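Student:
In the UniProt record's numbering, the protein residues as written are 1 to 141.
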């Protein structure tokens, strides 16, 4: 009878996965399927439970990185993230020790800091290396 319960669990986890499309419950569906096979082979319930958890964990650890790489590779950077790698112009000299600096990029002014702690004079072209809070971390082009 446990086989039927595990197969119901597989169906529920697959339904949840279809509804969320977030790679959240597919791992448990595979683990439940393994437990259903174990139940069909006469494995005691505690063994089925261990098998379900173990298979779910193994599939999660090994398949999730692959799935994220190939299934979620079409995400586009939005808002501030899209500035990374772009070129801007220093409008106010960047001096990290004084907490000064302003960069003009894509029609907006941003506070900025130098990635390597060097001073960067006005009108210098810079490349955005990263974003920390509301500050651009830039380096000379």
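Ideal Cβ placement from N, Cα and C applies to all residues, glycine included.
Quick caveat, the model's predicted, so the values are computed rather than measured.
Who pairs with residue 110 in a beta bridge, going by DSSP?
Tutor: Taking the chain shown and counting its residues from 1, one reaches residue 110 at position 110. For residue 110, which the question treats as bridged, DSSP gives the partners 103.
Student: Using the Cα positions of residue 85 and residue 17, report the straight-line distance between them to the nearest angstrom.
Tutor: Locating residue 85 in the chain shown gives position 85, counting from the first residue. Locating residue 17 in the chain shown gives position 17, counting from the first residue. Roughly 35 Å between the two C-alpha positions.
Student: Shortest alpha-carbon distance to residue 128 belongs to which of 100, 66, 96 and 81?
Tutor: Stepping through the chain shown from its first residue, residue 128 is reached at position 128. Of the candidates 100, 66, 96 and 81, the one whose C-alpha sits nearest the C-alpha of residue 128 is 81.
Student: Quick check: what's the CA-CA separation for residue 137 versus residue 131?
Tutor: What you label residue 137 is simply residue 137 of the chain shown in a count that begins at 1. What you label residue 131 is simply residue 131 of the chain shown in a count that begins at 1. Those two C-alpha atoms are separated by around 6 Å.
Student: Run through DSSP, which three-state label would residue 82 get?
Tutor: Translated into the one-based positions of the chain shown, residue 82 becomes position 82. Helix at residue 82.
Student: Between which two residues does the beta strand (DSSP E) containing residue 119 stretch?
Tutor: On the chain shown, residue 119 is found 119 positions in, with the first residue counted as 1. No beta strand (DSSP E) holds residue 119; DSSP gives it neither H nor E.
Student: Alpha carbon to alpha carbon, how far is residue 47 from residue 87?
Tutor: Against the chain shown, residue 47 aligns to sequence position 47. Against the chain shown, residue 87 aligns to sequence position 87. Each residue's alpha carbon lies about 59 Å from the other.
Student: Rounded to a whole number of angstroms, what is the C-alpha to C-alpha distance between residue 44 and residue 15?
Tutor: Position 44 of the chain shown, counted from the start, is the residue given in the question as residue 44. Position 15 of the chain shown, counted from the start, is the residue given in the question as residue 15. Using only the alpha carbons, I get a separation of about 27 Å.
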